[in-house]
Structures are given as C-alpha cells and as structure tokens.
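Worksheet for the structure shown next.
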DNA sequence: TTTATTAAGTGCAAAAATGCACCCCCTTTG
DNA sequence: CAAAGGGGGTGCATTTTTGCACTTAATAAA
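The following block contains the structure:
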C-alpha cells in the first residue's frame with residue numbers, strides 16, 4: 001500500500017471533491033483521481049461514491065477515514081517534534097578532546113558554552129583517535145593533525161608549543177646542564193617519535209626512563225619529581241611547582257584542528273560549538289605558544 | 292512531507308541497510324537511498340548515520356522511529372479491517388424494489404437470502420425511481436425498464452404479465468361484459484399510460500374513476516370491491532377473493548431488470564445478491580406470466 | 001598478501017507519474 | 001432558455017522516478 005495515497009484520500013475526503021483537494025495539495029486534480037483509484041484498487045474496495053455533488057465517502061471509506069485521521073495526527077506530531085531539529089540549539093552534542101586540552105585548557109570554555117546555550121548538553125570524551133568521528137561516536141573532535149582526512153570538515157585553530165619541564169624541587173637536586181646523566185627523561189613509548197623532538201635534542205645525554213602514555217600522566221609524574229619531560233606549554237606554564245628546564249625553548253609542534261563530519265556541518269549545534277571553541281582557541285593563543 | 296518516504300525510512304531502520312530493505316520492499320537500493328535523502332531534506336535533519344557497518348539511526352532518527360512505528364501499526368490495522376472489504380459477504384446491502392414485488396413476490400426470497408448469508412443485512416426500500424442508484428442511495432435496484440441506463444449494469448430477469456382483476460363479490464354485483472357502464476375502472480393518473488394497456492382496451496366502455504398511485508393500493512381497492520383494475524398477475528392470481536375479470540387475458544408488459552451501478556459489480560455482496568435474486572425470478576416465472 | 005564478497009554511490013535509459021488542454025455533464029442564474 | 005461556472009474524466013507531452021550496469025570502498029576469507 002502506498003502510504004502517500006492515504007494522505008490524498010484524506011484531502012479528498014475533507015474537500016469533498018477532487019479539484020478543491022488538488023488545489024490544497026498543489027497538485028492537478030487528475031493526479032488525485034488516479035491516486036485514489038490506485039488506492040481503491042490496492043485495498044480492493046471503493047472508498048468514494050462519485051456523485052454529481054462530489055466525492056462522498058462510502059461506508060468503508062468512512063472507516064478508513066478514522067484510521068487515516070489518526071495517522072495524520074501522528075504525522076503532525078512528527079512535523080512538530082522533528083522538523084528542523086538540526087537547526088535548533090538543543091539536545092546533546094558529543095565532543096572528543098585530547099586529554100591535555102580537556103583538563104588544562106578548555107574546561108572553562110565548555111562551561112561557558114553550556115551556560116550560554118542552556119538547552120544544549122555537552123558530552124566530553126577524552127580520546128586521541130580520529131576514528132570516533134567516522135563511527136559517529138562523536139559529533140565534534142579537537143585533534144592534532146597536519147592534514148585532516150578528506151571526509152572531515154573543520155578548521156585549524158592554533159598550534160601547540162612544547163617545552164621541557166620539571167618540578168622546581170627536581171631541578172634543585174638535578175641539574176640537566178651540568179650533570180645530565182643523573183637526570184631522567186620521561187618516555188612516551190615510541191609513539192610520536194617524541195625523542196626526536198627539539199626539546200629533547202637539546203639534552204641528548206639525559207637518559208630516557210619510564211613510559212607514560214599521556215600528557216596528563218607525564219605532568220603528574222613531573223609534579224611528583226620523577227624527572228624531566230616535554231609538555232605542552234599551556235600545561236607546563238600554568239601548573240604550580242613546575243618550571244621550564246633551564247635552556248629549553250618553546251618549540252612549535254602539532255597543529256590543532258576542530259573537526260566534524262562533513263554531514264554535520266548543517267547541524268546548528270555542531271556549527272555553533274565549533275565556532276565558539278575556535279574563538280576560544282584564538283583567545284588562548286598566548287598560552288598555546290607559551291609566551 | 293511524503294508519507295511513503297516514512298515507510299521507506301522504517302524499512303531501512305529495520306533492515307539496517309539499503310540493500311536488505313530494498314529487497315524487502317521489492318525496490319532498487321538506489322531508490323531507497325534517494326528517497327531517504329529526500330526525507331532527510333524535508334525534515335531538515337539527518338536520520339541515519341551512514342557507517343561502514345550499515346545505516347544506523349541518529350538520535351533524531353530514533354525519535355522518528357517511534358512515531359513511524361505507531362503509524363505503521365495503524366496502517367496494519369487498516370489492512371486488516373479494510374483490505375478486500377468488498378469481497379466479503381458481510382455488512383449492509385441496500386435494495387430498492389417496486390411496491391408490488393416487495394410485498395407480494397420477493398419477501399420470502401429476501402428472508403432466505405438473509406438466512407443464507409447471516410453476516411449480510413438487507414435493507415429494503417420501496418421506490419420506483421432509477422435515480423437512487425446514481426445517488427448511491429441504494430446498492431441494487433429491481434426495476435421495470437425496457438433498456439436500463441448505460442451507467443447501470445445488471446440483467447433482465449423476467450417480464451410482468453398483467454390482467455384485469457376484481458373481487459368475486461364485485462363481479463357478482465357488476466358484470467363488465469353485459470353492463471360495462473355500471474362498472475368502474477380504477478385509474479392510476481396518467482402515469483404509464485395505463486389506459487392504453489390491452490387489458491383495459493378490451494373493456495372500452497367501463498368508465499375510469501379514482502386515482503390510486505400504486506399497485507398495492509389498487510389491489511387493496513379491488514379487495515374492498517371498489518372496482519376493476521389491471522394488476523400484475525403475480526399479485527392478482529395469488530390474492531384470496533380476487534379473480535380475473537371474465538374474458539381478460541394475461542398480457543405481457545414490463546420487463547424486469549435487476550440493476551446495480553457498474554462500480555458495484557466488483558462488490559461481492561452486490562453480485563451475490565443479484566445472482567440470488569435473479570435465480571429466484573426464474574423460479575417465479577410462472578407466477579409472473581400468470582400461467 | 002591476494003581474492004571474494006557485500007554494501008553503497010554514479011550516469012544513463014526505460015518506465016511511471018504528473019500536468020495540461022480539452023471534453024463532457026450538471027447546476028445555477030440572468 | 002441560453003450562457004456561465006464548477007466538477008470531473010480522457011489523450012498526450014513533459015517531468016520525475018525508477019532500475020540497471022558499473023564503480024568504489026571495506027570487510028572477510030584463503
């Protein structure tokens with residue numbers, strides 16, 4: 001059964017004639033005639049008596065009319081609830097953010113966003129993988145990347161600068177300049193080739209020890225006086241008790257992108273969030289560069 | 292909004308993929324892709340995430356799914372209740388029958404019909420007009436006609452024979468052969484040119500008095516001894532106290548048709564009733580011809 | 001690794017639905 | 001009574017929808 005034909009049936013039943021119903025639907029009356037004929041054939045029952053006074057429901061037609069009215073009510077409900085939902089600033093938006101940004105940079109901004117759009121709930125996940133965007137496990141992702149995949153859309157919002165950090169207490173006991181061998185550099189597996197980064201190359205003699213697979217872990221380790229590590233400046237510079245290792249510069253590294261699936265660019269929540277967070281990254285420029 | 296697209300939406304949501312949904316619907320998967328895209332555009336919201344694992348509902352899609360399911364249930368109800376209603380022998384059937392047939396010939400047959408098809412209720416109206424079929428005030432009409440209108444379908448089931456009747460008592464006091472002037476012939480207005488009928492022409496000298504616009508009225512008048520009148524043989528021959536006027540033959544007159552609107556010929560109740568009643572007319576052939 | 005297999009998107013021809021002009025019928029009205 | 005107006009039905013050109021062959025992409029099996 002063609003559901004749309006029931007819509008046409010309803011229109012004719014209300015207008016009590018083809019021409020009037022047709023003008024309401026913005027169609028030609030001959031189309032309605034054919035559609036209603038088709039409907040009658042599929043249900044195997046005449047629905048209207050074609051009198052000279054117009055189209056009048058048969059007994060079966062009146063029965064169908066009741067069901068069709070219920071159906072129309074449900075469609076009306078759909079139109080109220082769902083129509084243009086993407087254009088509304090309400091509901092849930094799921095964001096994935098790398099650990100460091102989430103805990104040390106953006107949380108106040110997310111708080112502000114939720115205050116500004118009280119109907120929107122922001123759901124934050126901490127991950128590094130790009131995959132969750134393709135799988136729609138998230139709506140928006142903030143990512144380190146040089147060139148994001150073709151399938152994603154978004155913009156570059158800044159660049160993270162790194163430097164070498166340690167706790168003040170650690171540096172009191174260990175001098176990386178005069179006695180590098182007695183210091184230790186916190187490792188991060190082989191991921192990201194972190195040992196080739198400029199801030200480490202400045203201290204080639206410091207041995208690498210430990211493997212902490214997260215910037216926040218490294219930060220925590222530094223705070224505990226475990227050693228020296230390269231950290232984003234926005235983390236190291238704003239943590240009490242932590243200082244840059246003497247002689248270490250702020251070195252530019254990963255570009256930061258705010259990304260979403262291309263399909264999502266028509267979604268008001270997503271666009272608004274991306275614009276908002278991009279603007280906040282501009283404000284954070286100095287913290288990112290470490291100046 | 293195209294209601295049929297919601298049907299397609301449901302199919303895809305259930306099948307979790309275009310191809311599977313397409314085969315269920317007997318359509319091509321590309322069509323479904325286009326239709327669901329159209330639906331998403333009209334509601335202004337994405338309904339599915341196109342993952343590599345298949346089509347997965349978005350949050351909005353899940354919401355629509357609930358409403359769509361209600362709608363489908365209602366359509367299912369329609370299919371159960373209404374589908375093929377015309378093919379079922381149940382419900383109401385409205386018949387119009389000329390007075391005389393109704394009261395003096397067919398009532399036992401209608402009784403039998405209702406006993407045979409207990410789910411069918413026969414509604415009987417006594418009229419002569421052909422109009423009520425066009426206006427759908429009746430489903431079936433039994434009519435006197437030479438050639439029924441083009442718009443109607445049906446068959447000729449017999450011919451009514453007329454003769455001149457009077458009550459036995461009346462004929463005892465009035466002799467139409469020897470003293471025709473003292474008799475009286477019951478008139479029927481100018482309708483049907485009844486005075487030109489052969490049974491009257493045999494008695495040209497009998498004066499016409501009164502105007503009784505119905506065969507049953509004429510019969511009642513005869514029974515009361517009001518005079519002589521032409522009556523259908525099936526009425527006159529089977530009424531106690533009534534006899535043919537001496538010398539009056541049974542003269543063939545109106546053809547009898549069982550008719551229905553052409554549209555109605557697909558309706559099982561109508562066809563069955565027409566067949567039934569036609570067969571009964573065959574049985575009544577002798578009563579009609581007055582032999 | 002290569003090779004099937006499955007599912008979804010693209011360009012074009014066939015098929016179907018639509019709109020249009022025209023016709024008929026009926027009713028209304030001057 | 002004639003003419004107008006509102007409906008509804010029919011044949012044909014146009015637009016839209018559909019299906020098909022093909023390509024692409026991803027997964028699973030060999």
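Residue numbers (this note's numbering), protein chains in the order written: chain A, 1 to 291; chain B, 292 to 582.
Built from N, CA and C at the ideal position, the CB exists for glycine as well.
{"Asked": "Three-state class that DSSP yields for residue 227/A in the structure shown", "Found": "coil"}
{"Asked": "Boundaries of the alpha helix (DSSP H) in which residue 357/B is found, first to last residue", "Found": "350–373"}
{"Asked": "Stretch-stretch touch, CB-based, cutoff 8 Å, three pairs: the segment 309–323 of chain B with the segment 51–65 of chain A", "Found": "no"}
{"Asked": "Span separating the alpha-carbon of residue 515/B from that of residue 491/B", "Found": "20 Å"}
{"Asked": "Anticipated Cβ contact below 8 Å, residue 213/A with residue 188/A, distance rounded", "Found": "6 Å"}
{"Asked": "Interface positions of the segment 366–391 of chain B facing chain A (Cβ-Cβ less than 9 Å), listed along the chain", "Found": "366, 368, 369, 370, 372, 373, 374, 375, 376, 377, 378, 382, 383"}
{"Asked": "Identity of the residue in 576/B, 404/B, 444/B, 358/B nearest residue 524/B by Cα", "Found": "576/B"}
{"Asked": "Cβ-based burial, residue 406/B [other Cβ within 10 Å; buried from 16]", "Found": "exposed"}
{"Asked": "Contact with chain A by residue 327/B, beta-carbon distance below 9 Å", "Found": "no"}
{"Asked": "Contact with chain A by residue 354/B, beta-carbon distance below 9 Å", "Found": "yes"}
{"Asked": "Contacts of residue 292/B in chain A (Cβ-Cβ under 7 Å)", "Found": "75, 79"}
{"Asked": "Endpoints, the alpha helix (DSSP H) within which residue 325/B is located", "Found": "320–334"}
{"Asked": "Alpha carbon of residue 147/A to alpha carbon of residue 276/A, nearest angstrom", "Found": "22 Å"}
{"Asked": "Near-chain B residues of the segment 262–274 of chain A - C-beta to any C-beta below 7 Å", "Found": "263"}
{"Asked": "As assigned by DSSP and simplified to three states, the class of residue 203/A", "Found": "coil"}
{"Asked": "Runs of alpha helix (DSSP H) wholly within the segment 533–577 of chain B (minimum 4 residues, chain order)", "Found": "559–574"}
{"Asked": "Three-state secondary structure (DSSP) of residue 179/A", "Found": "coil"}
{"Asked": "Proximity to residue 394/B [Cα-Cα], best of 410/B, 530/B, 342/B, 294/B", "Found": "530/B"}
{"Asked": "Beta-carbon gap between residue 461/B and residue 513/B smaller than 9 Å", "Found": "yes"}
{"Asked": "Cβ distance (whole Å) where residue 140/A is taken to contact residue 273/A below 8 Å", "Found": "6 Å"}
{"Asked": "Three-state secondary structure assigned by DSSP to residue 390/B", "Found": "helix"}
{"Asked": "Residue 112/A: first and last residue of the uninterrupted beta strand (DSSP E) it sits in", "Found": "Element bounds for residue 112/A: not the beta strand (DSSP E) but the alpha helix (DSSP H), 107–116."}
{"Asked": "Cβ contact check for the segment 378–395 of chain B and the segment 433–447 of chain B: 3 or more pairs under 8 Å", "Found": "yes"}
{"Asked": "Alpha carbon of residue 264/A to alpha carbon of residue 326/B, nearest angstrom", "Found": "20 Å"}
{"Asked": "Test: residue 574/B CB closer than 9 Å to a CB of chain A", "Found": "no"}
{"Asked": "In DSSP terms, what residue 121/A is bridged to", "Found": "92/A"}
{"Asked": "Whether residue 411/B touches residue 382/B by CB criterion (9 Å)", "Found": "yes"}
{"Asked": "Chain B contacts made by the segment 2–27 of chain A, where a contact means CB separation under 9 Å", "Found": "2, 3, 4, 5, 6, 7"}
{"Asked": "CB contact below 9 Å: residue 334/B versus chain A", "Found": "yes"}
{"Asked": "Span separating the alpha-carbon of residue 186/A from that of residue 164/A", "Found": "10 Å"}
{"Asked": "Sequence-distant residues of the same chain with beta carbon closer than 8 Å to residue 12/A, five excluded per side", "Found": "18, 21, 32, 36, 48, 55"}
{"Asked": "Rounded Cβ spacing between residue 138/A and residue 245/A (contact assumed at less than 8 Å)", "Found": "Actually they do not touch by this definition, with Cβ atoms about 36 Å apart."}
{"Asked": "Residue-level contact to chain B via CB, residue 150/A, 9 Å cutoff", "Found": "no"}
{"Asked": "Alpha-carbon to alpha-carbon, residue 52/A and residue 24/A", "Found": "21 Å"}
{"Asked": "Between the CA atoms of residue 546/B and residue 7/A - distance to the nearest angstrom", "Found": "46 Å"}
{"Asked": "Anticipated Cβ contact below 8 Å, residue 572/B with residue 449/B, distance rounded", "Found": "5 Å"}
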